[in-house]
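Asks:
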Amino acid sequence: MTSRIARPLLFKSPHLLGISDLSPLEIPALLDLADTYVDVNRGSDKRQPILTGLTQVNLFFEASTRTQSSFEIAGKRLGADVMNMAVSTSAISKGETVLDTAMTINAMHPDFLVVRHQSSGSVELLAQKVSCAVINAGDGQHEHPTQALLDALTIRRHFGKLQGLTVAICGDVLHSRVARSNIHLLGKMGVSVRVVAPSTLLPSGIANFGVEVFNDMKRGLDGADVVMMLRLQLERMSGAFVPSQREYYHFYGLTEEKLAYAKPGALVMHPGPMNRGLEIDSIVADGAQSVIREQVEMGVAVRMAVLDALSRHGHNRGPK
Amino acid sequence: MINRNSQKRRAWINAQIVAPAQGLSGKGGILVDDGWILAVGAQVTREMVGAGTEVTDCKGKLLIPGLIDMHVSTGEPGTEYRETLASASEAAAAGGVTTMIVMPNTQPVIDDAAIVDYILRRARDTALVRVAPMAAITKGLNGELMSEIGLVKSAGAVAVTDATKAVANANMFRRALMYARDFDMLVVQHVEEPTLSSGFMNSGEAASRLGLAGNSAMAEVIMLERDLRLVEMTGARYHAAQISCAQSVEVMRAAKARGLPVTCGVSINHLVLNENDIGAYRTFFKLSPPLRDENHRRALVAAMIDGTIDVIVSGHNPQSDDTKRLPFAEAAFGAIGLETMLSAALQLYHSENMPLERLVEAMSHVPASLLGLETGRLAAGAPADFVIVDPHLNWKVEAAKLCSRSKNTTFEDRTLEGRAFETVVAGNSVYNYAS
């Protein structure tokens, strides 16, 4: 335990609630640490038991496959005891509030609470009441910080830098916590960020986030280094936000033809799960420019880095 | 069928040109070749065109751009017994209308690129004049889910509208405006709050004496004011299809003064008729929006003169006996108007100090620019769509002689002063009163 405390702090906050809390100096430090875990994960012995004796609880109020398993693998490779709480089968379905559930778990002395919840701000609320480190694994339409970190890591490993690049974030920005976290992170790192979507899928005031707004995808992709697609839920494609799947595909689906407007060799990213043939063509998703599977790989490394960094704060905080 | 391969060079000379948007007025002529205008203005004379060109002497009649009627219903597809694109186009030609903008409330509804394409092909094959459809704002005109605004625009739809229904759901309409703005598509709204519009005519004394439920002008103003706030929020181009009351005029005037991208239209019926014309339950005068009282009518005429109202439409809505020969409350809304719009508009010129230029603009250049059409103007290089108008020719409206397949005209047996004498589409004469 003493060896953990002796390691240098990477960021100030005892929790990772959102990218907006991180400074432009803290982000590269986290990415540097994550880079070392990429090497660990590619080696034959993936165990790096720095979290031995610590307990990580994954508390997912909203269903997730990849994020939850990514956090689980990250914790296990670092030697933590990891428990997944399937909330749909637990006390919440019996009427317990989010805070009561969190307090109950807190009483069992976990060291990390990884939380996903459908309501914006819920993870922050929970962090105020528990005595362990809280990691936001996605809250409503607010933030998904580890996704933005893994996206940044993927981009940085390809270009060797972030500063000066142009990233086009395309699709359902309105409902996307991934988009918001990425806009914060990339903006802090000197990336010029564009959002590309029909106005019905853009949050109001988005231009004040320091992004350029495009409604026309070809213009939005023109000269971009990275094309980051967002998932659009099928039920939002039938007339409420956009008229139909085929119209969305026609004007906003990433096809080879539209991708040709971006810089040659531009990276294609997607946080998953993809709607093939809707927001992205299979040819593009599986093509040479796609780094979608690499994003998943970077996810484990970034989450190991975050768990490592938070463990350096010690773990016996009293509730505030 | 429009003959687009007319190689014949023709000229019309000795006309009185009224084309205010192009700055043309006074004596002159027009020279056309291969469906396009080669020259127009004072310089076009018999000497200028030379021998070998067929010349028509207009003998001082008016030469105006072909009219664009922004609000035409036909029954095609679905209820062809009421009207086809072909029969409507004959009525249009006889009335000086060279472009019909058809409404999407057909069966099936024009809410899909394939149906837009169908209309354009049927029009190309059967109609005497140009036809362009508006597509539905919402799928099936259900008011709930947006139609494929981008794809219908690509297919040739010139605007979106739910025709005779207002999009009542404010959130839906807000999103439709945002989405349409991305595609620079004009959104045309039937301004009538449905929960206040269950009546059959203008509410007030006349309705009460007839024992008919009325629709207040407020139903219109409330919807219009709501829409203008949503336009302010979204920046979309918005057009109120038909306003009918003095309050709407005030609201539009204020909105334009604030710089909103908004315009409005009025039906010719509302400019020349009022609720008293309903008389003893004459169902041909059952319109939506309803005819109002004389004060409202006068306010509309004044707003037309000062430019607050942008467009005049016929509101052409063919209905057969089975939907009109019914008790007033049960009868369908609507009247035909393609063939009488110009003549009725000329009554305003003859007796209500309406400048001819305003009438011409409101039925040609203004709708063309709202809808992005290349017609509606008299200029070299433009399509040769124009009308020779005899402003003083008296003619009696006889239902049996009207070209429309339905006969529900509000001008039956009235004598009107002035009418289209010759109508030319793409350089071809599609109507001539003399023959």
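Taken in sequence, the protein lines are chains S and U.
This note's numbering puts the first residue of the first sequence at 68, with every later residue one more than the last.
This note's numbering puts the first residue of the second sequence at 8, with every later residue one more than the last.
Every residue gets a Cβ at the ideal spot worked out from N, C-alpha and C, and that includes glycine.
1) Quick check on this structure: which residue in U/E199, U/M208, U/A243, U/L219 has the alpha carbon closest to the alpha carbon of U/I193?
2) What does U/R137 touch in chain S if you count any residue whose Cβ is under 9 Å from its own?
3) By a C-beta neighbour count over all protein chains shown, 10 Å radius and 16 as the cutoff for buried, is U/P115 buried or exposed?
4) Give, in chain order, every residue of the segment 173 to 187 of chain U whose Cβ lies closer than 7 Å to some Cβ of chain S.
5) For the alpha helix (DSSP H) containing S/F226, list its first residue and its last residue.
6) Please report how far the alpha carbon of S/P386 lies from the alpha carbon of U/N149, in whole angstroms.
7) Which two residues bound the contiguous alpha helix (DSSP H) that contains S/N249?
8) Please say whether U/R426 and U/D397 have beta carbons closer to each other than 8 Å?
9) Of all the CB atoms in chain U, is at least one closer than 8 Å to the CB of S/E346?
10) State buried or exposed for U/E405, treating a residue as buried only when at least 16 other CB atoms are found within 10 Å of its CB.
11) Between U/T145, U/D191, U/V138, which has its C-alpha nearest U/S161's C-alpha?
12) Among the candidates S/Q300, S/D106, S/F78, S/T134, whose CA atom is the shortest distance from the CA of S/D239?
13) Around the Cβ of S/K228, are there at least 16 other Cβ atoms within 10 angstroms (buried) or fewer (exposed)?
14) List the DSSP bridge partners of U/M153.
15) Quick one: using the 10 Å Cβ neighbour count with 16 as the cut-off for buried, is U/D328 buried or exposed?
16) Going by Cα to Cα distance, which pick from U/M208, U/Y186, U/T171, U/V437 is closest to U/L237?
17) What residue from U/S295, U/N415, U/A441 has the CA that sits closest to U/R89's CA?
18) Residue ranges of each alpha helix (DSSP H) run of no fewer than 4 residues wholly in the segment 140 to 224 of chain U, ordered along the chain?
19) So U/V256 and U/A224 are supposed to be a Cβ contact under 8 Å. How far apart are they, rounded?
20) Which bits of chain S does U/K146 rub up against, with CB to CB less than 7 Å?
21) Determine whether the beta carbon atoms of U/Q196 and U/V165 lie at a separation below 8 Å.
22) Which residue spans inside the segment 303 to 348 of chain U form an unbroken alpha helix (DSSP H) run of at least 4?
23) If you measure beta-carbon to beta-carbon, which residues of the segment 241 to 268 of chain S are closer than 7 Å to chain U?
24) Here's a check: name, in chain order, each residue in its chain whose Cβ is nearer than 6 Å to the Cβ of U/K146, leaving out the five neighbours to either side.
25) Nearest-angstrom Cα distance between S/F281 and U/I156?
26) Pull up the distance between the alpha-carbon of S/G146 and that of S/M152, whole angstroms please.
27) Alpha carbon to alpha carbon, how far is U/I75 from U/I24? Give it in angstroms, no decimals.
28) Reducing DSSP to helix, strand and coil, say where S/S70 ends up.
29) Residues of chain U with CB closer than 7 Å to the CB of S/P310, please, in chain order.
30) Provide the residue(s) that pair with U/E61 in DSSP beta bridges, ordered along the chain.
31) Tell me whether the segment 180 to 193 of chain S and the segment 219 to 228 of chain S touch, counting them as touching only if at least three CB pairs, one residue from each stretch, are closer than 8 Å.
32) Can you tell me which of the three DSSP states S/N383 falls into?
33) Starting from S/L288 and walking both ways along the alpha helix (DSSP H), at which residues does that stretch end?
34) Suppose the cutoff is 8 Å on Cβ atoms and the five residues either side in sequence are ignored; what does the same chain contact list for S/G207 look like?
35) Out of S/G354, S/L374, S/P331, which has the shortest C-alpha to C-alpha gap to S/I202?
36) Applying a beta-carbon distance threshold of less than 7 Å, which residues of chain U neighbour S/N282?
Replies: If we stick to the structure as given:
1) Working through the second sequence from its first residue, we reach residue 193 of chain U at position 186. The sequence as given places Leu at residue 193 of chain U; Ile does not occur at that position. The residue with the shortest Cα to Cα distance from U/L193 is U/A243.
2) As a working note, residue 137 of chain U is residue 130 in the second sequence. Result: empty, since nearest Cβ-Cβ is about 27 Å, beyond 9 Å.
3) Sequence index remark: in the second sequence, residue 115 of chain U carries index 108 (1-based). U/P115 comes out exposed.
4) R182, M185, Y186
5) As a position in the first sequence, residue 226 of chain S is number 159, starting the count at 1. 212 to 226 is the span of the alpha helix (DSSP H), which, as asked, contains S/F226.
6) On the first sequence, position 319 is the one that residue 386 of chain S refers to. On the second sequence, position 142 is the one that residue 149 of chain U refers to. Reliability of the predicted coordinates at S/P386 is poor, the pLDDT of 42 falling under 50, and no value is obtained from them.
7) To locate residue 249 of chain S, count along the first sequence from 1; it is residue 182. Unbroken alpha helix (DSSP H) run through S/N249: 244 to 255.
8) Taking the second sequence and counting its residues from 1, the one referred to as residue 397 of chain U is at position 390. Taking the second sequence and counting its residues from 1, the one referred to as residue 426 of chain U is at position 419. A contact, by the Cβ cut-off of 8 Å.
9) Locating residue 346 of chain S in the first sequence gives position 279, counting from the first residue. So no, S/E346 is outside the interface.
10) As a working mapping, residue 405 of chain U is identified with position 398 in the second sequence. Exposed: under 16 other Cβ atoms inside 10 Å.
11) Indexing the second sequence from 1 puts residue 161 of chain U at position 154. The shortest C-alpha separation from U/S161 is found at U/D191.
12) Residue mapping note: residue 239 of chain S aligns to position 172 of the first sequence, counting from 1. For S/D239, the nearest C-alpha among the options comes from S/Q300.
13) Numbered from its first residue, the first sequence carries residue 228 of chain S at position 161. The residue is exposed, with fewer than 16 neighbouring Cβ atoms inside 10 Å.
14) What you label residue 153 of chain U is simply residue 146 of the second sequence in a count that begins at 1. Looking at the DSSP assignment, U/M153 forms a beta bridge with U/T145.
15) Numbered from 1 along the second sequence, position 321 holds the residue referred to as residue 328 of chain U. Exposed, because fewer than 16 other Cβ atoms sit within 10 Å of the Cβ of U/D328.
16) To locate residue 237 of chain U, count along the second sequence from 1; it is residue 230. Looking at the Cα atoms, U/Y186 is the closest of the given residues.
17) Here residue 89 of chain U corresponds to residue number 82 of the second sequence, with the count starting at 1. If we check each option's Cα against that of U/R89, U/N415 comes out closest.
18) 156 to 162, 177 to 189, 212 to 217
19) Start at 1 with the first residue of the second sequence, and residue 256 of chain U comes out as number 249. Start at 1 with the first residue of the second sequence, and residue 224 of chain U comes out as number 217. The pair is not a contact, with the Cβ atoms about 11 Å apart (cut-off 8 Å).
20) Position 139 of the second sequence, counted from the first residue, corresponds to residue 146 of chain U. Going along chain S in sequence order, the residues near U/K146 (Cβ under 7 Å) are G306.
21) By 1-based counting over the second sequence, the position of residue 196 of chain U is 189. By 1-based counting over the second sequence, the position of residue 165 of chain U is 158. No; because the gap between Cβ atoms is not below 8 Å, this pair is not in contact.
22) 328 to 331
23) P265, S266, T267
24) Residue numbering aside, residue 146 of chain U sits at position 139 when the second sequence is read from its first letter. So the list reads D118, L152, S154, once near-sequence residues are dropped.
25) The sequence position of residue 281 of chain S within the first sequence is 214, counting from 1. The sequence position of residue 156 of chain U within the second sequence is 149, counting from 1. Computed Cα separation, rounded: 18 Å.
26) Translated into the one-based positions of the first sequence, residue 146 of chain S becomes position 79. Translated into the one-based positions of the first sequence, residue 152 of chain S becomes position 85. About 19 Å.
27) By 1-based counting over the second sequence, the position of residue 24 of chain U is 17. By 1-based counting over the second sequence, the position of residue 75 of chain U is 68. Going from the Cα of U/I24 to the Cα of U/I75 covers about 18 Å.
28) Taking the first sequence and counting its residues from 1, one reaches residue 70 of chain S at position 3. Only weak support exists for where S/S70 lies, its pLDDT of 46 falling under 50; the value from the coordinates is given anyway. In this structure, S/S70 counts as helix in the three-state DSSP scheme.
29) Mapped onto the first sequence, residue 310 of chain S falls at position 243. Neighbours of S/P310 on chain U, chain order: M153, S154, E155, I156.
30) Within the second sequence, the letter at position 54 stands for residue 61 of chain U. According to DSSP, U/E61 bridges with U/R17.
31) no
32) Start at 1 with the first residue of the first sequence, and residue 383 of chain S comes out as number 316. Any reading at S/N383 must be qualified, since the residue scores a pLDDT of 47, below 50, and its modelled position is unreliable; the value itself is stated next. Coil.
33) If you number the first sequence from 1, residue 288 of chain S lands on position 221. 284 to 288 is the extent of the alpha helix (DSSP H) around S/L288.
34) Here residue 207 of chain S refers to the residue found at position 140 of the first sequence. Result list for S/G207: H184, Q185, S186, S187, G188, S189, R244, in chain order.
35) On the first sequence, residue 202 of chain S is found 135 positions in, with the first residue counted as 1. Comparing Cα positions, the closest option is S/L374.
36) To locate residue 282 of chain S, count along the first sequence from 1; it is residue 215. Those within 7 Å of S/N282 in chain U are D189.
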